[in-house]
Amino acid sequence: MKISKKISKIGIIGYPIAHSLSPLIHQYWFEKYNVDAEYLSLEIAPDSLKSFFEDIDQYNLRGFNITIPHKVNALNYVDEIDQSAKTIGAINCITINNNKSLLGANYDAKGFMDSLISNYSENIFNKKPVIVIGAGGASRAILYSLINYGIKEIRLSNRTYEKSKILKKYFGNVIKIIPWDEKENSLNDCGLFINTTSQGMIGKDPLDMDISGLPREAIVIDLIYNPIDTDLIKRASLRGNKTLNGLPMLVYQAVPAWEAWFGIKPDVTKELLDLLEKALQ
94 MKISKKISKI
104 GIIGYPIAHS
114 LSPLIHQYWF
124 EKYNVDAEYL
134 SLEIAPDSLK
144 SFFEDIDQYN
154 LRGFNITIPH
164 KVNALNYVDE
174 IDQSAKTIGA
184 INCITINNNK
194 SLLGANYDAK
204 GFMDSLISNY
214 SENIFNKKPV
224 IVIGAGGASR
234 AILYSLINYG
244 IKEIRLSNRT
254 YEKSKILKKY
264 FGNVIKIIPW
274 DEKENSLNDC
284 GLFINTTSQG
294 MIGKDPLDMD
304 ISGLPREAIV
314 IDLIYNPIDT
324 DLIKRASLRG
334 NKTLNGLPML
344 VYQAVPAWEA
354 WFGIKPDVTK
364 ELLDLLEKAL
374 Q
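In the numbering used here, the protein residues as written are 94 to 374.
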């Protein structure tokens with residue numbers, strides 16, 4: 094592809110990449126803060142990741158985001174990683190320093206907690222157990238975020254019990270494994286309910302789980318943002334629970350990346366969230 098030589102460049106790598114909302118987020122901030130920069134969407138197949146990093150200088154990037162399926166494998170190509178990336182075992186952002194060294198970071202955990210606290214009072218959930226559904230890559234970032242915040246009991250339930258055991262071994266006794274067929278019985282005192290699975294995403298079956306045992310004051314979070322209102326979010330709203338979809342997390346994880354690249358901490362505005370929501374319609 095032809096690479097423009099004029100201005101600062103940042104971007105995103107993933108496969109596929111066509112439906113990413115990241116270009117909209119960054120273009121909004123370019124205009125808001127009068128930053129002369131360009132955001133590149135780079136579709137890099139898994140078998141091309143090594144050659145991308147070998148030829149990275151041609152893109153003249155200041156930094157870039159990393160999305161599925163490269164978050165784990167990209168670790169092999171950076172010179173340094175931050176503590177969250179070490180713990181989570183994945184990176185979603187790279188900053189290219191003046192000496193061309195690559196610093197990998199993971200801002201998913203920070204993005205999750207910032208999005209939660211910006212929307213709801215911490216008093217609702219901060220001393221109560223949390224239930225997390227799913228034990229994949231997204232779950233690892235959420236568990237790190239919750240533990241770092243100070244949550245004392247996290248109930249983890251996943252269809253494959255062995256995956257839950259791996260995360261309990263990794264994160265310790267703060268994790269309490271709940272067998273999949275017992276998950277509905279572990280809701281009655283929870284302050285947060287978090288779905289980290291892809292169930293409910295467009296083209297997939299909804300999360301098959303009865304949440305009637307959840308306290309009505311609990312917050313229900315679905316990391317999915319397409320659709321904005323999953324079946325889980327709709328059911329939770331109908332019974333009076335506060336809810337949060339994955340869109341604010343997507344935006345809030347971009348904030349520290351922008352700060353690292355441009356030295357500006359951008360605002361997450363209602364206008365930006367509305368713009369993204371409209372793009373999903």
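Glycine included, every Cβ here is placed at the ideal spot set by N, Cα and C.
C-beta atoms of residue i and residue j nearer than 8 angstroms
i: T289; j: S250; result: no
i: I270; j: K276; result: no
i: N190; j: N158; result: no
i: Y132; j: I181; result: no
i: A228; j: S257; result: yes
i: L369; j: L340; result: yes
i: A138; j: Y108; result: yes
i: L343; j: L114; result: yes
i: G104; j: K164; result: no
i: K335; j: Y242; result: no
i: V225; j: I247; result: yes
i: I287; j: I314; result: yes
i: W122; j: W354; result: no
i: G284; j: K221; result: yes
i: I187; j: G156; result: yes
Exposed unless 16 or more other CB atoms sit within 10 angstroms - verdict on residue i
i: D201; result: buried
i: L373; result: exposed
i: N199; result: buried
i: W273; result: exposed
i: Q292; result: buried
i: H119; result: buried
i: K203; result: buried
i: L111; result: Here residue 111 is Ala; the residue named in the question, Leu, does not match the sequence. Result: exposed.
i: G265; result: exposed
i: I326; result: buried
i: D357; result: Just to set this straight, residue 357 is Ile in the shown sequence, not Asp. It counts as exposed.
i: K98; result: Confidence at K98 is low in this model, with a pLDDT of 42, below 50, so its placement is unreliable and the value that follows should be read with caution. Answer is exposed; the Cβ neighbour count stays below 16.
Cα-Cα separation between residue i and residue j, rounded to whole angstroms
i: L168; j: I174; result: 8 angstroms
i: K245; j: I304; result: 22 angstroms
i: K143; j: M294; result: 30 angstroms
i: Q346; j: F205; result: 7 angstroms
i: Y318; j: E136; result: 21 angstroms
i: P308; j: N216; result: 15 angstroms
i: I149; j: S194; result: 11 angstroms
i: S279; j: I312; result: 15 angstroms
i: D207; j: V348; result: 10 angstroms
i: G333; j: E310; result: 8 angstroms
i: D298; j: S134; result: 29 angstroms
i: L365; j: L154; result: 24 angstroms
i: G306; j: N281; result: 5 angstroms
i: S116; j: F146; result: Residue identity check: residue 116 is Pro in the sequence provided, not Ser. If you take the alpha carbons of P116 and F146, they lie about 21 angstroms apart.
i: V361; j: Y263; result: 33 angstroms
i: Y170; j: R328; result: 43 angstroms
i: P359; j: Q151; result: 28 angstroms
i: V223; j: Y126; result: 38 angstroms
i: N192; j: D324; result: 48 angstroms
i: D172; j: L316; result: 30 angstroms
i: D301; j: S101; result: 46 angstroms
i: A183; j: E255; result: 20 angstroms
i: Q176; j: L196; result: 11 angstroms
i: D367; j: T160; result: 22 angstroms
i: D140; j: N219; result: 43 angstroms
i: K371; j: P320; result: 11 angstroms
Bridge partners - residue i, DSSP secondary structure assignment
i: E131; result: K102
i: I226; result: S250 and N288
i: G107; result: E136
i: V313; result: F286 and T336
i: K269; result: R248
Heavy atom of the ligand NAP within 7 angstroms of residue i beta-carbon
i: V165; result: This structure simply doesn't include the ligand NAP, nor any ligand for that matter.
| task | Can you check the stretch 136 to 205 for any beta strand (DSSP E) of at least 3 residues that lies completely inside it and give the ranges in chain order? | result | Correct list: 154 to 159, 186 to 189 and 195 to 198.
| said: Which complete beta strand (DSSP E) runs does the stretch 320 to 370 hold, if anything under 3 residues is left out? | reply: If we require 3 residues or more, the beta strand (DSSP E) runs fully inside the stretch 320 to 370 come out as 335 to 337.
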